[in-house]
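Novice: Using numbering that gives the first Met the number 0, read the sequence shown as starting at 0 and increasing by one per residue. For every residue, glycine included, the Cβ atom is placed at its ideal position computed from N, Cα and C.
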Amino acid sequence: MYKQIILPLLFRFDAEQVHHFVCAVLKFAFKIPGISLISRQLYQYENPVLEREVFGLKFKNPVGLAAGFDKNAELVEEMADLGFGFVEIGTVTPLAQAGNEKPRLFRLKPDHALINRMGFNNEGAKAAAERLRKRKTNILIGGNVGKNKLTPNENALDDYLQCFDALYDVVDYFVVNVSSPNTPGLRDLQEKEPLMKILSALKVRSDELGTVHSPQSTVNGPQSMVNGPQSMVPPSGVRGLTKPILLKIAPDLTNSQLDDIIEIVTTTQIAGVIATNTTISRANLETDGDAIQKIGAGGLSGKPLTYRSTEVIRYICERSNNAFPVIGVGGVASPEDALEKLRAGASLVQIYTGFIYEGPGLAKRICKQLVNVAY
Numbered sequence: 000m001y002k003q004i005i006l007p008l009l010f011r012f013d014a015e016q017v018h019h020f021v022c023a024v025l026k027f028a029f030k031i032p033g034i035s036l037i038s039r040q041l042y043q044y045e046n047p048v049l050e051r052e053v054f055g056l057k058f059k060n061p062v063g064l065a066a067g068f069d070k071n072a073e074l075v076e077e078m079a080d081l082g083f084g085f086v087e088i089g090t091v092t093p094l095a096q097a098g099n100e101k102p103r104l105f106r107l108k109p110d111h112a113l114i115n116r117m118g119f120n121n122e123g124a125k126a127a128a129e130r131l132r133k134r135k136t137n138i139l140i141g142g143n144v145g146k147n148k149l150t151p152n153e154n155a156l157d158d159y160l161q162c163f164d165a166l167y168d169v170v171d172y173f174v175v176n177v178s179s180p181n182t183p184g185l186r187d188l189q190e191k192e193p194l195m196k197i198l199s200a201l202k203v204r205s206d207e208l209g210t211v212h213s214p215q216s217t218v219n220g221p222q223s224m225v226n227g228p229q230s231m232v233p234p235s236g237v238r239g240l241t242k243p244i245l246l247k248i249a250p251d252l253t254n255s256q257l258d259d260i261i262e263i264v265t266t267t268q269i270a271g272v273i274a275t276n277t278t279i280s281r282a283n284l285e286t287d288g289d290a291i292q293k294i295g296a297g298g299l300s301g302k303p304l305t306y307r308s309t310e311v312i313r314y315i316c317e318r319s320n321n322a323f324p325v326i327g328v329g330g331v332a333s334p335e336d337a338l339e340k341l342r343a344g345a346s347l348v349q350i351y352t353g354f355i356y357e358g359p360g361l362a363k364r365i366c367k368q369l370v371n372v373a374y
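(1) For Asp69, which residues in the same chain have their Cβ closer than 6 Å to its Cβ, ignoring the five residues on either side in sequence?
(2) Between the C-alpha atoms of Gly82 and Ala290, what's the straight-line distance to the nearest angstrom?
(3) Would you mind working out which of Leu49, Tyr356, Lys367 and Thr150 sits nearest Leu9, comparing C-alpha positions?
(4) Indicate the three-state DSSP secondary structure (helix, strand or coil) for Ser255 in the structure shown.
(5) What does Gly353 pair with, by DSSP beta-bridge criteria?
(6) Between which two residues does the alpha helix (DSSP H) carrying Phe20 extend?
(7) Let me check understanding here. Comparing Cα to Cα, which of Asn276, Leu201 and Ala124 lies closest to Glu73?
(8) Count the other CB atoms within 10 Å of the CB of Gln189; is the residue buried (16 or more) or exposed (fewer)?
(9) Kindly confirm or deny that the stretch 131-143 and the stretch 100-118 touch, where touching means at least three C-beta pairs closer than 8 Å.
(10) Determine the closest residue to Ala97 out of Leu347, Thr182, Val53 and Leu49, with distance taken between C-alpha atoms.
(11) Evaluate the contact criterion for the stretch 311-328 versus the stretch 341-349: three or more CB pairs, one atom per stretch, below 8 Å.
(12) Keeping to the same chain, check which residues put their C-beta closer than 6 Å to that of Ile365; ignore five residues upstream and five downstream.
(13) Can you tell me whether Gln268 is helix, strand or coil according to DSSP?
(14) Look up Gln161 in the DSSP assignment and say whether it is helix, strand or coil.
(15) Please classify Ile5 as buried or exposed, where buried requires at least 16 other C-beta atoms within 10 Å of its C-beta.
(16) Kindly provide the ranges of any beta strand (DSSP E) runs that are 3 or more residues long and lie completely inside the stretch 278-343, ordered along the chain.
(17) Rounding to the nearest angstrom, what Cα-Cα distance links Val264 and Thr275 in this structure?
(18) Determine the burial state of Thr253: buried for a count of at least 16 other Cβ atoms within 10 Å of its Cβ, exposed for fewer.
(19) Can you name, in chain order, every residue of its own chain whose Cβ lies under 6 Å from the Cβ of Gly184, other than the five neighbours on each side?
(20) What residue range does the alpha helix (DSSP H) around Gly209 cover?
(21) Which residues share a DSSP beta bridge with Ile244?
(22) Please classify Phe119: is it buried, with 16 or more other beta-carbons within 10 angstroms of its beta-carbon, or exposed?
(23) List the residues that DSSP assigns as beta-bridge partners of Glu52.
(24) To which residues of the same chain is Ala282 closer than 6 Å at the C-beta, ignoring the five residues directly before and after it?
(25) Starting from the Cα of Gly141, find the closest Cα among Pro7, Leu56 and Tyr42 and give me that residue.
(26) Strictly by DSSP, which residues pair up with Gly141?
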């Protein structure tokens, strides 16, 4: 029904407007008594085989929602009911910003892909934190953080530190985004020297915040609702309250640059890598070339990214001898896609564009297949 009726109808309208419409419908629908229960029965799939512990966190299943879909932490509970094992919010910046000019989100239907140049549009870290303090679900939350567009690269660290301070007690792990192609100059921060500086400082700040925060945290669901949402306990696997830090990297890096990434991750002792973000490549697309040229700049996601993102995962895992966990993302639109990334070395996978093209049952289908093949 979704692919035959709903998707063609939605695709008649502007992509970003449809996204906002769908989010509004989800928020409204899940306020209706019984909808949450029905959704869990339809879309959740639980099996002990799916459970795994990665960087000290216990995941109910290895299928997460990638950053970009729920930028402002508005749909965390709804996504939990749709079967995801974890949700990554953001990218969040210290200050609210409108992002790039519209239109900025485009469908490549023949390729089952999207091109976006959103530009980190979000309501700011404090707004996201306030929403997360009110959540009632115990799903694991990642906080994907970036710098504001007007912040020069030499001051980027300050932006990341501000995001850490704002979100520290309401997320389970952090993702440092220096790989979006839609903020001018951001990818320059993937170079060895600036990246080492940023990650080292964030690791120190995480350790500091982990020692000063209360032993009770909001990261793993309510222990008691009597004292409000801050009366919650941290996951048992976390080292104190120090939050894992992951680095999200671009698929367009060379092998030499990937070697630098491996060295940086091991040297700074952050928790792992997310591979990959969107690509600036337009190779081997089925969509008409004139249409691609008319769209212009932006990051490409979806099926054309499947192979390259998996190759990056495989290279990092083999080259590092599996020294740290990798979350695989990029072109996951089927159980087979997810399985390929896990077999390449990923510990977890995330979906976004595949969720749009394949519908709300994708996470469940992936989980069922993973159980069937005993991955």
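Specialist: Looking at the atomic coordinates:
(1) Correct list, in chain order: Ile88.
(2) If you take the alpha carbons of Gly82 and Ala290, they lie about 35 Å apart.
(3) Among Leu49, Tyr356, Lys367 and Thr150, the Cα nearest to that of Leu9 belongs to Tyr356.
(4) In this structure, Ser255 counts as helix in the three-state DSSP scheme.
(5) In the DSSP output, where bridge partners are listed per residue, Gly353 has none listed.
(6) Counting along the chain, the alpha helix (DSSP H) containing Phe20 begins and ends at Ala14 to Ala28.
(7) In terms of Cα proximity to Glu73, the closest of Asn276, Leu201 and Ala124 is Ala124.
(8) By the neighbour-count criterion, in which 16 or more other beta carbons inside 10 Å mark a residue as buried, Gln189 falls on the buried side.
(9) With the cut-off at 8 Å, the stretch 131-143 and the stretch 100-118 do not touch.
(10) Measuring from the Cα of Ala97, the nearest candidate turns out to be Thr182.
(11) Pairwise C-beta distances place the stretch 311-328 in contact with the stretch 341-349, as three or more of them are shorter than 8 Å.
(12) Scanning its chain for C-beta atoms nearer than 6 Å, with the 5 sequence neighbours on each side dropped, one finds around Ile365 the residues Val62, Pro334 and Ala337, in chain order.
(13) Here Gln268 carries a coil assignment [DSSP, helix/strand/coil].
(14) Secondary structure of Gln161 (DSSP, three-state): helix.
(15) With fewer than 16 Cβ atoms within 10 Å of its Cβ, Ile5 is classed as exposed.
(16) Counting whole runs of 3 or more residues, the stretch 278-343 contains the beta strand (DSSP E) stretches 298-301 and 325-328.
(17) Going from the Cα of Val264 to the Cα of Thr275 covers about 15 Å.
(18) By the neighbour-count rule (16 or more Cβ atoms within 10 Å), Thr253 is not buried but exposed.
(19) So the list reads Asn152, once near-sequence residues are dropped.
(20) Taken as a continuous stretch (DSSP letters only), the alpha helix (DSSP H) holding Gly209 covers Lys191 to Val211.
(21) Paired residues: Phe173.
(22) Under this definition Phe119 is a buried residue.
(23) Beta-bridge pairing links Glu52 to Lys57.
(24) Counting only Cβ-Cβ distances below 6 Å, and skipping sequence neighbours, we find nothing.
(25) Nearest option by C-alpha distance: Leu56.
(26) Partner(s): Glu87 and Tyr172.
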